[in-house]
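Those protein sequences? They're chains A and B, same order as listed.
In this text, residue positions in the first sequence follow this note's numbering: the first is 74, and each later residue adds one.
In this text, residue positions in the second sequence follow this note's numbering: the first is 823, and each later residue adds one.
A virtual CB, placed ideally from N, CA and C, is assigned to each residue, including glycine.
It should be emphasised that the depicted structure is a prediction, and the values quoted were computed from it without experimental measurement.
Notes follow the structure.
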Amino acid sequence: MSEPGTVLASVCLRLNAEAARYVLIGTRALQLWGIVAPGLDIQLLVEPTPANVERVLRGLRRAGCRFAREWLATEVANRQVTVLGQTPQVDILTVAAGVHFRHAVLAAHRFVIEGVTIPTASIEDLITIRQTGRRADAEQILLLEAIQRRTLG
Amino acid sequence: MPNSAISRISITLPPEVLAIADQLARALDRPRSWVFAEAVRRFDTTAVPSADGLARLEADLLLGAEDRVRAAEAAAGLASEPPRLPTDQILAFNRFEEYLQWDERSRGRR
């Protein structure tokens, strides 16, 4: 496969090659579902086992995230959130607002861009994660609900 | 809740309702106040996106997922948003709420 043109597909290509178990959340997931929210940062909800986190870190390292090599998989697996690097910043989450990988993966939608499959959190899970009380998140929840109504209707 | 625009209130509840709220809070790993805020949000059926937001959404939905990602990455590259600090970082958070607070501070906005 040729090198993808987008940062998102490039990173997910490497994660998939490592058989990493993850679900895309955050702004990048909103982009896939229908909202062109500017942002390069990538948020991944991952299966919180050291073996899987090792696969995630290996994939990120191969995607050019040099910080991924400096962090122990066990430590990442034991934290709720680990933030790596910048441009793109990659946030690895083991739980997001009470949403765990084991539940999110069951409802996840698989988008395909540039030939790369990207497991993406359901709209319902994205809404739950966006319950932060912040104004920007509240507006995005309303937009997600509008997309949800279209999808259902 | 990581929001400077919050109000602190005192309310009276039947103990069984409070027990349910606490059970939900534990199951969802969120504060008790979040459970009540979320319940009110779901009860409010009058909230709608802004007209601008809806118009943008209509335009965004005309694009495919791949085109949306390309457009968003291009927009991010052109954005004048202040960079996060520090530029090189590995940060760990024990709780999601702490991460949200850091995210808010590091972006210097909202």
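PRO192/A sits away from VAL80/A, with the two beta carbons spaced by 9 Å or more.
Counting the other CB atoms within 10 Å of its CB gives LEU166/A a total of 16 or more, which places it among the buried residues.
Within the segment 135 to 182 of chain A, the runs of alpha helix (DSSP H) at least 4 residues long that lie entirely inside it are, in chain order, 146 to 151, 174 to 180.
Closest by C-alpha distance to ALA887/B, out of GLU76/A, ALA90/A, GLU187/A, is GLU187/A. Here VAL870/B carries a coil assignment [DSSP, helix/strand/coil]. Going by beta carbons, ILE912/B and VAL156/A fall inside the 9 Å limit.
Three or more pairs of CB atoms, one per stretch, sit closer than 8 Å, so the segment 90 to 103 of chain A contacts the segment 125 to 139 of chain A. Chain-order list of chain A residues neighbouring SER872/B: GLU212, LEU215, by C-beta distance under 9 Å. Straight through space, the alpha carbons of ARG139/A and ARG848/B are spaced by roughly 36 Å. Of the other Cβ atoms in all chains shown, 16 or more fall within 10 Å of the Cβ of ILE196/A; this residue is therefore buried. Residue environment for VAL891/B: buried (at least 16 other C-beta atoms within 10 angstroms of its C-beta). For PRO77/A, the three-state secondary structure derived from DSSP is coil. Within the model, the alpha-carbon separation for ILE200/A versus PRO77/A is close to 29 Å.
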